[in-house]
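Note sheet for the following structure.
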Amino acid sequence: MHEEGYGVHMDQLTAYSFYLQGVKGNYPKAGKNIAQLIIKARFPWSSKHAALGYCIWAVRNASETEKTGFQEDCEKLVTEVNPDADMRARAERFADQL
Numbered sequence: 079m080h081e082e083g084y085g086v087h088m089d090q091l092t093a094y095s096f097y098l099q100g101v102k103g104n105y106p107k108a109g110k111n112i113a114q115l116i117i118k119a120r121f122p123w124s125s126k127h128a129a130l131g132y133c134i135w136a137v138r139n140a141s142e143t144e145k146t147g148f149q150e151d152c153e154k155l156v157t158e159v160n161p162d163a164d165m166r167a168r169a170e171r172f173a174d175q176l
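Counting from 79, one number per residue, gives the positions in the sequence shown under the working numbering.
What follows is the structure, encoded as C-alpha cells:
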C-alpha cells in the first residue's frame, strides 16, 4: 500500500518499516519486498548488499510453494545489481544475521 500509494499517500519509508517488521516476524515475502524496495527507492542509508541479503534470506525461508517465485524475483535483482564476489559474501553474511 504505502510503497505504491494504494489507498494511502505514497511513503516508501513507511513501506520499508512495515517490511522490516515482517522480516523480524519471519515473513519471507517481506524480505523479498524490502530487497526490491531498497533497489527501487535508492535510500541513501541502505546498501545493495543488504538488498541481496534480504533476498537470500527470503529464498532460504520461503515455503516450497513460494520458493520458485522468490528465486526468480531475486535473480532479477541480482542481474540488476551485478554483484562482485565481495558483495555476494557480504550479502550472505547479512542474510545469516537476519
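Backbone N, C-alpha and C fix where the C-beta goes; we use that ideal spot for every residue, glycine too.
Here the structure is a predicted model, which is why all the values come from computation and not from measurement.
Where residue i falls: helix, strand or coil (DSSP)
| i | result |
| --- | --- |
| A140 | coil |
| N111 | helix |
| R168 | helix |
| H80 | Bear in mind that the predicted position of H80 carries a pLDDT of just 42, short of 50, making it too unreliable to give a figure here. |
| P106 | helix |
| F121 | coil |
| D174 | helix |
| Y97 | helix |
| D151 | helix |
Length of the line joining the Cα atoms of residue i and residue j
| i | j | result |
| --- | --- | --- |
| M79 | A113 | In this prediction, M79 has a pLDDT of 41, which is less than 50 and means its spatial position is unreliable; nothing more can be read from the coordinates. |
| W135 | Y97 | 13 Å |
| S125 | R138 | 20 Å |
| S95 | Q175 | 18 Å |
| H142 | L91 | Reading the sequence as shown, one finds Glu at residue 142 and not His. Roughly 30 Å between the two C-alpha positions. |
| V101 | A140 | 12 Å |
| A169 | D89 | 26 Å |
| Q99 | A108 | 8 Å |
Whole-number beta carbon distance between residue j and residue i, since they are thought to touch under 8 Å
| i | j | result |
| --- | --- | --- |
| A119 | F172 | With 8 Å as the limit, A119 and F172 do not qualify as a contact, their Cβ atoms being about 18 Å apart. |
| I117 | V159 | 7 Å |
| P161 | L130 | 6 Å |
Sequence-distant residues of its chain with Cβ nearer than 8 Å to residue i (five each side left out)
| i | result |
| --- | --- |
| D164 | none |
| P122 | none |
Cβ neighbours of residue i in the same chain (closer than 7 Å, five flanking residues each side left out)
| i | result |
| --- | --- |
| K145 | V137 |
Own chain partners of residue i with C-beta closer than 6 Å, once the 5 adjacent residues on each side are dropped
| i | result |
| --- | --- |
| N111 | Y97 |
| F148 | K110, A136, V137 and A140 |
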